[in-house]
Structure formats: C-alpha cells, structure tokens
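Report on the following structure.
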Amino acid sequence: MAERYEYITEAFDSVRAQVTAMVGRMLNSRDEASDIIQEAFCRLWPRREVIGSKSEAAALATITAKNICIDRIRSNGRHSMVCIDEDRDAGEADAADRLLEVREQFDIVNGIINERLTELQRKIMQMKEFEEMTTDEIAQQLGMEEAAVRMNISRARKTIRELYQEVNI
Numbered sequence: 016m017a018e019r020y021e022y023i024t025e026a027f028d029s030v031r032a033q034v035t036a037m038v039g040r041m042l043n044s045r046d047e048a049s050d051i052i053q054e055a056f057c058r059l060w061p062r063r064e065v066i067g068s069k070s071e072a073a074a075l076a077t078i079t080a081k082n083i084c085i086d087r088i089r090s091n092g093r094h095s096m097v098c099i100d101e102d103r104d105a106g107e108a109d110a111a112d113r114l115l116e117v118r119e120q121f122d123i124v125n126g127i128i129n130e131r132l133t134e135l136q137r138k139i140m141q142m143k144e145f146e147e148m149t150t151d152e153i154a155q156q157l158g159m160e161e162a163a164v165r166m167n168i169s170r171a172r173k174t175i176r177e178l179y180q181e182v183n184i
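16 is the number of the first residue of the sequence shown in the numbering used here; add one for each residue after it.
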C-alpha cells in the first residue's frame, strides 16, 4: 500500500519549486508560499485513494496551492498590486511647484466665477460648492424650483469649464 501513495509525495516534490515560486509571486512572501505548499499537501492527503496518478497529483497540488493562495489574499484583503504614489518621492521643490500650480488654477476659476457668472449663479455655486448644500436646500433658501437650481449649476459649470479652457490653451 505504501508504494501506491508514493506518487503523491513524488508529485509534490516535483512541483514544489514551481508552485512555491508561483505562490511566492502572488503573496510576495516565500515563507507563506512554503506554508501553502504544506497546507495543499495536507488537504490532498486524505483524498489519496481517489488520486490515480503522479500527473493528477501534481495538477491537483498546483491548483490546490493556487486556490489556497487566492483565499488568503481575499481573507487578508491584500492585493498583489502595488499602489504608486508619484508625488511621494518628489522633492520639496516639486511639492511647492504643485501647490503654486493649484493655487494659480484656483485663482483663475475664482476670477471666472466672480467676473463672468451672473449674481444668481455665483450665489448658487457658493452654496453648492463651498457651503456643501444640496440642490433641494438651495432651492428652498432661494425660493426656486429644484430644477432651476440644477440648471443654473449646470450652466455655471459649463461657463467655468469653457472659460478655463480658453485661458489654458
């Protein structure tokens, strides 16, 4: 009987390096990869009587290890993707330049709002964007229909967008 189950251990030995590398890439941890290989073996051992060959055992070992890895990633909420913060490594000068650029953009938009929007549009945009009021609240406070408030917001944003694009050509 012992000979019958040797192919399972042989299969694990033959795919161990390949599966460890695959799982290690998925988890970014070689130690965890070894644990997963062992767990896959432990899961398949009770099914040894239904596994018919070394190639089947190798395939099941690979699939089982991959599924365990996916389960761990999901349960830990980890992702194999690395978020890149482009500004993180930028120097202080770059941060200051970016701050200045944002300030200039704000000044341009603020100038457009003050010089080119109607008084009503300015008031509505102030309430919507800076006071964070809902369109319903704005309509109630100004005694307008909610649809009229939405229309004014839409027209004001369109005007701001068009004039800003003209300035930044």
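Glycine included, C-beta positions come from ideal geometry on N, C-alpha and C. Computed from a predicted model, the values in this text were never measured in an experiment.
Same chain, Cβ closer than 7 Å to residue 73, five either side skipped, listed in chain order: Translated into positions along the sequence shown, residue 73 becomes position 58. Counting only Cβ-Cβ distances below 7 Å, and skipping sequence neighbours, we find 26, 29 and 30.
Considering Cα atoms alone, identify which of 76, 84, 152 and 168 is closest to residue 62. Numbered from 1 along the sequence shown, position 47 holds the residue referred to as residue 62. The candidate whose alpha carbon is nearest that of residue 62 is 76.
message = To test your reading of the DSSP string, which unbroken alpha helix (DSSP H) runs of 4 or more residues are found completely within the region 123–180?
response = 134–140 and 150–157
Q) Quick one: Cα of residue 166 to Cα of residue 147, how far? A) In the sequence shown, counting from the first residue as 1, residue 166 sits at position 151. In the sequence shown, counting from the first residue as 1, residue 147 sits at position 132. Answer to the nearest angstrom: the Cα atoms are 17 Å apart.
* Asked: Do residue 175 and residue 139 have their C-beta atoms within less than 8 Å of each other?
  -> In the sequence shown, residue 175 corresponds to position 160, counting from 1. In the sequence shown, residue 139 corresponds to position 124, counting from 1. No, these two residues do not count as a Cβ contact at 8 Å.
>> With H, G and I counted as helix, E and B as strand and the rest as coil, what does DSSP make of residue 67?
In response: Position 52 of the sequence shown, counting from 1, holds the residue named residue 67. Reduced to three states, the DSSP call for residue 67 is coil.
How many angstroms separate the CA atom of residue 23 from the CA atom of residue 71?
Residue 23 sits at position 8 when you count from the first residue of the sequence shown. Residue 71 sits at position 56 when you count from the first residue of the sequence shown. One C-alpha to the other measures close to 9 Å.
Query raised in the report: Using the C-alpha atoms, what's the distance from residue 169 back to residue 120?
Result: One-based indexing of the sequence shown puts residue 120 at position 105. One-based indexing of the sequence shown puts residue 169 at position 154. So the two alpha carbons sit approximately 20 Å from each other.
Residue 173 versus residue 130 - alpha carbon distance: Numbered from 1 along the sequence shown, position 158 holds the residue referred to as residue 173. Numbered from 1 along the sequence shown, position 115 holds the residue referred to as residue 130. Answer to the nearest angstrom: the Cα atoms are 15 Å apart.
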